[in-house]
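Numbering (the working numbering), first residue to last: 21 to 297.
C-beta: ideal position from N, C-alpha, C; glycine also.
Just so you know, these numbers come straight off a predicted model, no measurement behind them.
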Ligand SMILES: C[S@@+](CC[C@H](N)C(=O)[O-])C[C@H]1O[C@@H](n2cnc3c(N)ncnc32)[C@H](O)[C@@H]1O
């Protein structure tokens, strides 16, 4: 079992804050040890001090940073997590969008951003919700941008292959099963008709500007702001304000709220916000 000293932990903590905007509390020491033990073993070193020196001197610093980011980020997610958000889309936002479309050009396309998409369950759930709505209504065209800073989970998201037993109660109990094909070994694969609606890209929300071409109708930023420092949260929320259409909606995670940002966002329902204009 490896140990981490306070100075070693503080150095890693500062680095993680600088590159990701993530604040690691002292209670995360055990987590850091468990996530980096295999790395120390792989490098044949015994202390975190040696690992820190290695990060400074290694031949491929960019690759090592990517590895560090992939180890430190928490990627827990599931299909139709926080189901109320998908109900709100079906009952409120999609009918609204359809009304707007009637008044505007027929080619209007809904733009959605899943900004911390992890292994893909979130953007796929969004796409399935719209497809389901489209079965019973005049079709809404849409495109989803799905981004995350962790390259490993992004690869999983792009593959779109999951353990059937982990699909969760909403897929099992509902009509969404039809959006998957069975593959071998108890696995199930998202159909291309859903996959083709989504572009997956790496994006660190810490970046000063985000390389997005068009403003968004919906932004999902769920269960990641809880890890951010207040400064990072403020940066991200200001950027979302810029990238969200005036009529747009922002979804946050169940334990996140924007009460400190009343000048930017108006409360719609628990964890659902629109822009203050
Ligand atoms: C707990 S998961 C949440 C996934 C999904 N949004 C959900 O609610 O189920 C948090 C995700 O945020 C990503 N993340 C952490 N820091 C980030 C950053 N600075 N920029 C972009 N993504 C980040 C992690 O890699 C992880 O996949």
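Residue 223 and residue 23 have their C-alpha atoms roughly 32 Å apart.
The beta carbons of residue 150 and residue 160 sit about 6 Å from each other, so the pair counts as a contact at 8 Å. If you ignore the 5 residues before and after residue 273, its C-beta comes within less than 6 Å of the C-beta of 242 and 243, all in its own chain and listed in chain order. In the three-state reduction of the DSSP assignment, residue 129 falls in the strand class.
In this structure, the CA atom of residue 77 is about 23 Å from the CA atom of residue 54. Within the chosen limit of 7 Å, ligand 1 does not reach the beta carbon of residue 147 with any heavy atom. The beta-bridge partner set that DSSP reports for residue 210 consists of 200. Contact between residue 209 and residue 203 holds: their C-beta atoms lie close to 5 Å from each other, under 8 Å.
Per the C-alpha coordinates, the member of 246, 266, 250 and 226 positioned closest to residue 239 is 266. Bridge partners of residue 167 according to DSSP: 221.
In this structure the segment 180–189 does not lie against the segment 244–252, because fewer than three pairs of beta carbons, one per stretch, are closer than 8 Å. If you draw a 10 Å sphere on the C-beta of residue 287, you find fewer than 16 other C-beta atoms in it, and that means exposed. In this structure, 163 is the residue among 104, 155, 215 and 163 with its C-alpha nearest to the C-alpha of residue 131. Residue 252: not part of any beta strand (DSSP E); member of the alpha helix (DSSP H) spanning 250–263, first to last residue. Here the C-alpha atom of residue 281 lies approximately 43 Å from the C-alpha atom of residue 21. Per the C-alpha coordinates, the member of 245, 183, 129 and 106 positioned closest to residue 142 is 106. The distance from the Cβ of residue 133 to that of residue 165 is about 5 Å, consistent with a contact at the 8 Å cut-off. In terms of Cα proximity to residue 180, the closest of 111, 256, 193 and 214 is 214.
Comparing alpha-carbon positions, the option among 59, 112 and 219 lying closest to residue 87 turns out to be 59.
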